[in-house]
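Below: the structure, in structure tokens.
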Amino acid sequence: MGFWDVIWLMFSVVMFAAYLMVLFLVLRDLFSDSQRPGWVKALWLLAVLLFPLLGCLAYMLFYGQQMTARQSVRQDARGDDMAEYVRRTASANPAEQIAAAKKLLDEGTITADEFQMLKARALA
Numbered sequence: 001m002g003f004w005d006v007i008w009l010m011f012s013v014v015m016f017a018a019y020l021m022v023l024f025l026v027l028r029d030l031f032s033d034s035q036r037p038g039w040v041k042a043l044w045l046l047a048v049l050l051f052p053l054l055g056c057l058a059y060m061l062f063y064g065q066q067m068t069a070r071q072s073v074r075q076d077a078r079g080d081d082m083a084e085y086v087r088r089t090a091s092a093n094p095a096e097q098i099a100a101a102k103k104l105l106d107e108g109t110i111t112a113d114e115f116q117m118l119k120a121r122a123l124a
């Protein structure tokens, strides 16, 4: 293999990887869109499978802006879910943790040693 053959091979591999990324992006968007009827999805799927490069290009030309909007909404929802999770798990301050441990001690659920351990962990 000559130098230019290696360059052509590397270029081909990169272009094929880029094509696969676009193909899976289009397919994910196609199946995740709840606004589009099933028969339209089937036609687009047929177009993408029969004419892969042309089908993906046409889909991105027709629905590129909507793809971006749907991706943005999904990303915002993921961020909101993560923020809610962090708020829910990190909301207990040391006083609340000690009060909860004291309640467990008073109910007899934990021993005094376990209470001291939880108290030390909350204050750490």
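Sequence positions in the sequence shown follow UniProt numbering and run 1 to 124. Beta carbons are placed, not taken as given, at the ideal position from N, Cα and C, and that holds for glycine.
Check, Outcome
"Euclidean distance between Cα positions of Glu107 and Ala95", "18 angstroms"
"Where Met67 falls, given that 16 or more other Cβ within 10 Å makes a residue buried", "buried"
"With 16 other Cβ atoms within 10 Å as the buried cut-off, status of Ala42", "exposed"
"Pro52 in three-state terms, based on DSSP", "helix"
"Beta carbon proximity, Ser72 to chain C, threshold 7 angstroms", "Looking at the structure shown, chain C is missing, and only one protein chain is on hand."
"Assigned secondary structure, residue 129 (DSSP; H/G/I helix, E/B strand, else coil)", "Past the edges of the chain, shown from 1 to 124, lies residue 129, and the structure says nothing about it."
"At least three beta-carbon pairs within less than 8 angstroms, the stretch 52 to 60 to the stretch 15 to 35", "yes"
"Neighbour-count burial assignment, Trp4, 16 or more Cβ in a 10 Å radius", "exposed"
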